[in-house]
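Residue numbers (my numbering), protein chains in the order written: chain A, 1132 to 1962; chain B, 3 to 125.
Data block below; observations after.
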């Protein structure tokens, strides 16, 4: 069966990429471990592992005996590279890079054939060596394509309307570490490289080093006393060696920024930079684009000279060229484009993505080339070796590392294995498969650690052994009693419903120890020195229930006597909750308003019941039951009313029992009574839960209708989107037994309603008139008069934004009791 | 072998996290009389609710199997490496139970064997 090759590979000196042509489009694959499209063309042999790419590059400079890079330049030579893992030929090393690129193909499909690009300078031997590398990597068919041609194809496919017949151009490729320029021409309808030049040691990384040496270091030296800063930075054992790497990174960031901005700031604020006398040096440096341009001028002019040589050799004038097509990272630098245009007088074309153009061009070419395939649909090689695996490892662990071992029966020769963590933090590299293997796997604390296990043949094709995944739960399920049996919630006031509600801090089944945070607002002003207090109350039990039904496990009381200044309503309180393995609860509250911190530990064994609060709670519960009875009778709900009556008589006897408790009771009576109260509250909750849900549902439906009309009439696109989004997830809350979930959605709709109304002229005018009617009670009559006059002007001029502001100012003049009409007697004092 | 799909995190979110990290580090270095750390914690909390958080790999060991760090080795020894400087933290998407690396940490690493017994120099 024949099919298209489709895969194109840019096998670069410093970086390689893989792309695929499909249905007229090209996709450049990303490195699953690196979030980048490129794979550094570096291979490392360390500790029995074969590593390719970023991991290998880390060791490239410091462990040259174990790491091979820039081997593309040795392709086609007899030179072998002596490494700790044995001698390797450039072909073998290139094959490792190609095999690794196969892993980028996220669909998992097998790459049987590919177009691989080669520099224009490659001769027949070098080209054949590249082809051999492709075959060694397991491709059944390899086609070669010259890099300038590939770039030109990418251009031609992007700019389909451009007619390139009878034209010639140059492809200028300034990469990370190498430079190539080629003259491309269409001869008898075919793209041909006519001539080329290049420098194997010129690229973007050289510019970073130049920027450090010529701009950053001199500036640092101006700011402090340094005898030999640069040599000390460059020397492996130098005092400032770490700074060299830090600055190289900063220079790269600055270089990129200078492509779009005229200056860039280098902030070394995280490093305490001191000169030889120990005096701190100001760590904020500025590099300007003109400084950078001055620094790279000489090397760029060197590339221009190479272009001129090509023109001279081919008896061409600059105007004979249609354009210069720029690829490689250097194309991003405005000065490079400007300089070429300026000196050569030829327009520079940067319409294609300079970093992946060659791979894309190769893929376009691959999309037009056929090859015969016998395994077109196979994605996993069949296990013909009768390979059997037996694995052994702990599925649950408390350690930070766990050893995975596996034994194999069958022929393991020539096979490799590899283990990758699914979270992208671990890669074992390729390791030879032996009858028994073991690998230490790093585990993340408190997480499910998933790893992919694969066995690969010599061409990096997967071999199926029926086992491909390792799952280890760290810190879970291994010690009994370490999970929370119930939700742990904070009790806060619910101003709208004149009640309290629960805010979940830890969910049921949370692993202990656990730490949680919440920010709440103070719901009422607490005056310094007063007995007024706020209550940070933590209860245990289902978060959808009412606070009174759940078991209190800790109450941190902060009273006016403890604070050093008034705690103003609306200021924030940062709360931290910690539950230890033995279930001790620590509540810490930081009052942003006073800068004070309060903290208390509540022992898991010692329950907190304050007699005074218990009495108040019981009375509240009685009031609540009475109200519910009245409501149920009014609605003719006799069954509920009867049930509630029974609860009422129970609460009355409880009231007298609680009343007989002394303030400093030392018996366990208060705990028993608290239990009774909680059971009663649970019964009330159950009897009335359906009522709350019904009320919440009906409020939601009303809001939905009203806001729906408003949105379609006056809503903008964003508001329409928000409305549709709320309604679309209606099924997730409307059938819930938890009224709070429904109320939350209603709250969202209400916010939307206000948002729209606040710019609706009719509403603004109505609100204005309402405020004018309340003028007599306003605090400052002179100001009120001015605002009202301004408001009338805005109405006649139809300045609705200004009217909105006037309404706001008038509202501020209303007496505070009018504004706070909705206040309730707060229970906790926090919202 | 199919790959896990890549999680696309908007650049602004990464920029925000990287800067929050830098502010946090500067506060540790220069002191925090205005209690800015609390605001930092809140910002981190808000981002964690959006399933994004960072981790500081400072002091952790590094070897060739770690793929959540982009390391540069300082000094000549390549064994027993530890992170001695963090230029960018590791950013993860997810929650405590399962998360994935969405930005590799950029770090300088150095062999423990080199610095032993030597006063750590400031650069």
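Glycine included, every Cβ here is placed at the ideal spot set by N, Cα and C.
Between the C-alpha atoms of residue 47 of chain B and residue 95 of chain B, what's the straight-line distance to the nearest angstrom? Reading the second chain from its first residue, position 45 is the one you call residue 47 of chain B. Reading the second chain from its first residue, position 93 is the one you call residue 95 of chain B. Straight-line Cα distance between these residues: approximately 13 Å.
Just list the alpha helix (DSSP H) runs in the region 1780-1860 of chain A, keeping only unbroken ones of 4 residues or longer that don't cross its boundaries, in chain order. Here the runs fully enclosed are 1800-1845, 1848-1859.
Quick one: Cα of residue 1609 of chain A to Cα of residue 1145 of chain A, how far? As a position in the first chain, residue 1609 of chain A is number 478, starting the count at 1. As a position in the first chain, residue 1145 of chain A is number 14, starting the count at 1. Confidence at residue 1609 of chain A is low in this model, with a pLDDT of 43, below 50, so its placement is unreliable and the value that follows should be read with caution. Taking the straight line from one Cα to the other gives about 47 Å.
Is residue 1295 of chain A helix, strand or coil when you go by DSSP? Position 164 of the first chain, counted from the start, is the residue given in the question as residue 1295 of chain A. In the structure shown, residue 1295 of chain A sits in coil (DSSP, three-state: anything other than H, G, I, E or B).
If we define contact as Cβ-Cβ less than 9 Å, is residue 22 of chain B a contact residue for chain A? Counting from one through the second chain, the residue named residue 22 of chain B turns up at place 20. So no, residue 22 of chain B is outside the interface.
For residue 1469 of chain A, collect the residues of the same chain with a Cβ closer than 7 Å to its Cβ; drop the 5 residues on either side in sequence, then sort them by chain order. Sequence index remark: in the first chain, residue 1469 of chain A carries index 338 (1-based). Taking C-beta separations shorter than 7 Å and ignoring five residues to either side along the sequence, residue 1469 of chain A has no partners in its chain.
Answer yes if the region 1244-1259 of chain A comes into contact with the region 1134-1142 of chain A, meaning at least three C-beta pairs across the two stretches below 8 Å, and no otherwise. The region 1134-1142 of chain A, when compared against the region 1244-1259 of chain A, does touch it at the 8 Å Cβ threshold.
Under 9 Å, do residue 1519 of chain A and residue 1541 of chain A count as touching if we go by C-beta distance? Here residue 1519 of chain A refers to the residue found at position 388 when the first chain is read from its first residue. Here residue 1541 of chain A refers to the residue found at position 410 when the first chain is read from its first residue. Their beta carbons are under 9 Å apart, which means residue 1519 of chain A touches residue 1541 of chain A by this criterion.
Need the endpoints of the alpha helix (DSSP H) that residue 1496 of chain A sits in, please. To locate residue 1496 of chain A, count along the first chain from 1; it is residue 365. From DSSP, the alpha helix (DSSP H) with residue 1496 of chain A extends over 1488-1497.
Taking buried to mean at least 16 other C-beta atoms within 10 Å of its own C-beta, is residue 1836 of chain A buried or exposed? Translated into the one-based positions of the first chain, residue 1836 of chain A becomes position 705. Exposed.
Chain B contacts made by the region 1532-1559 of chain A, where a contact means CB separation under 7 Å: Per Cβ criterion, the list reads 1553, 1554, 1555, 1556, 1557, 1558, 1559.
Taking the C-alpha atoms as reference points, what is the distance between residue 1147 of chain A and residue 1171 of chain A? On the first chain, residue 1147 of chain A is found 16 positions in, with the first residue counted as 1. On the first chain, residue 1171 of chain A is found 40 positions in, with the first residue counted as 1. The alpha-carbon atoms of residue 1147 of chain A and residue 1171 of chain A are separated by roughly 6 Å.
Selection from A/1817, A/1816, A/1884 that minimises the alpha carbon distance to residue 1843 of chain A: Translated into positions along the first chain, residue 1843 of chain A becomes position 712. Among A/1817, A/1816, A/1884, the Cα nearest to that of residue 1843 of chain A is on A/1884.
Could you have a look at residue 34 of chain B and say whether DSSP puts it in helix, strand or coil? Working through the second chain from its first residue, we reach residue 34 of chain B at position 32. It is coil, neither helix nor strand.
Which first and last residues belong to the alpha helix (DSSP H) in which residue 1189 of chain A is found? By one-based count along the first chain, residue 1189 of chain A stands at place 58. Residue 1189 of chain A: member of the alpha helix (DSSP H) spanning 1185-1189, first to last residue.
Along the chain, where does the beta strand (DSSP E) that runs through residue 1311 of chain A open and close? Within the first chain, numbered from 1, the residue matching residue 1311 of chain A stands at position 180. Looking at the DSSP string, the run of the beta strand (DSSP E) that includes residue 1311 of chain A is 1310-1318.
Can you pull the DSSP bridge partners for residue 1327 of chain A? Within the first chain, numbered from 1, the residue matching residue 1327 of chain A stands at position 196. In the DSSP assignment, residue 1327 of chain A forms a beta bridge with A/1313.
Taking 9 Å as the threshold (beta carbon to beta carbon), is residue 1164 of chain A in contact with chain B? Position 33 of the first chain, counted from the start, is the residue given in the question as residue 1164 of chain A. For residue 1164 of chain A, the answer is yes, since a Cβ of chain B falls inside 9 Å of its Cβ.
Touching by the beta-carbon criterion (3+ pairs, under 8 Å), the region 57-68 of chain B and the region 1661-1680 of chain A: Cβ pair count under 8 Å is below three, so no.
CB contact check: residue 112 of chain B to chain A, cutoff 9 Å: Position 110 of the second chain holds residue 112 of chain B. For residue 112 of chain B, at least one C-beta of chain A is nearer than 9 Å to its own C-beta.
Residue 56 of chain B and residue 19 of chain B: beta carbons closer than 9 Å? For the purposes of this step, residue 56 of chain B is taken as the residue at position 54 of the second chain. For the purposes of this step, residue 19 of chain B is taken as the residue at position 17 of the second chain. In contact: residue 56 of chain B and residue 19 of chain B (Cβ atoms closer than 9 Å).
When the Cα atoms are used, what is the spatial distance from residue 1218 of chain A to residue 1589 of chain A? Numbered from its first residue, the first chain carries residue 1218 of chain A at position 87. Numbered from its first residue, the first chain carries residue 1589 of chain A at position 458. C-alpha separation (whole angstroms): 18 Å.
Listed in chain order, which residues of the region 88-99 of chain B have Cβ atoms closer than 7 Å to some Cβ of chain A? For chain A, the residues of the region 88-99 of chain B that bring a beta carbon within less than 7 Å of one of its beta carbons are 89, 98, 99, in chain order.
Given residue 1216 of chain A, which residues of its chain have a CB within under 8 Å of its CB, disregarding the five upstream and five downstream residues? In the first chain, the residue the question calls residue 1216 of chain A occupies position 85. For residue 1216 of chain A, where only same-chain residues beyond five positions count, the Cβ hits under 8 Å are 1176, 1181, 1197.
Could you pull out every residue in the same chain whose Cβ sits closer than 6 Å to the Cβ of residue 1559 of chain A, ignoring the five residues on either side in sequence? Here the question's residue 1559 of chain A lines up with position 428 in the first chain. Result list for residue 1559 of chain A: 1549, 1550, 1570, in chain order.
Under a CB-based cut-off of 9 Å, is residue 1958 of chain A close to chain B? One-based indexing of the first chain puts residue 1958 of chain A at position 827. Chain B contact via Cβ: absent.
Measuring straight from C-alpha to C-alpha, what distance separates residue 1210 of chain A and residue 1204 of chain A? Locating residue 1210 of chain A in the first chain gives position 79, where the first residue counts as 1. Locating residue 1204 of chain A in the first chain gives position 73, where the first residue counts as 1. Distance from the CA of residue 1210 of chain A to the CA of residue 1204 of chain A, rounded to the nearest whole angstrom, comes to 11 Å.
Contacts around residue 1466 of chain A, its chain only, beta-carbon distance under 6 Å, and the 5 residues preceding and following it disregarded: Numbered from 1 along the first chain, position 335 holds the residue referred to as residue 1466 of chain A. If we look at residue 1466 of chain A and ignore the five residues flanking it on each side, its Cβ neighbours are 1424.
On the DSSP bridge list, what partners appear for residue 1307 of chain A? Here residue 1307 of chain A refers to the residue found at position 176 of the first chain. Partner(s): none; residue 1307 of chain A has no beta bridge.
Where residue 85 of chain B meets chain A, residues with beta-carbon distance less than 9 Å: Stepping through the second chain from its first residue, residue 85 of chain B is reached at position 83. Listed by position along chain A, the residues whose Cβ is nearer than 9 Å to that of residue 85 of chain B form an empty set, because the closest Cβ is around 12 Å away.
For the region 1726-1772 of chain A, which segments carrying the alpha helix (DSSP H) assignment without a break, of at least 4 residues, lie completely within its bounds, in sequence order? Runs of the alpha helix (DSSP H) inside the region 1726-1772 of chain A: 1742-1765.
Delimiting residues of the beta strand (DSSP E) encompassing residue 1602 of chain A: Indexing the first chain from 1 puts residue 1602 of chain A at position 471. 1600-1605 is the span of the beta strand (DSSP E), which, as asked, contains residue 1602 of chain A.
Alpha carbon of residue 1271 of chain A to alpha carbon of residue 1503 of chain A, nearest angstrom: As a working note, residue 1271 of chain A is residue 140 in the first chain. As a working note, residue 1503 of chain A is residue 372 in the first chain. Near 9 Å, if we compare the C-alpha coordinates of residue 1503 of chain A and residue 1271 of chain A.
How many angstroms separate the CA atom of residue 1500 of chain A from the CA atom of residue 1280 of chain A? Here residue 1500 of chain A corresponds to residue number 369 of the first chain, with the count starting at 1. Here residue 1280 of chain A corresponds to residue number 149 of the first chain, with the count starting at 1. The alpha-carbon of residue 1500 of chain A is positioned some 15 Å away from that of residue 1280 of chain A.
Taking buried to mean at least 16 other C-beta atoms within 10 Å of its own C-beta, is residue 36 of chain B buried or exposed? Residue mapping note: residue 36 of chain B aligns to position 34 of the second chain, counting from 1. When all chains shown are included, residue 36 of chain B counts as exposed.
So the candidates are A/1458, A/1479, A/1477; which of them puts its Cα closest to the Cα of residue 1485 of chain A? Mapped onto the first chain, residue 1485 of chain A falls at position 354. Nearest C-alpha to residue 1485 of chain A: A/1458.
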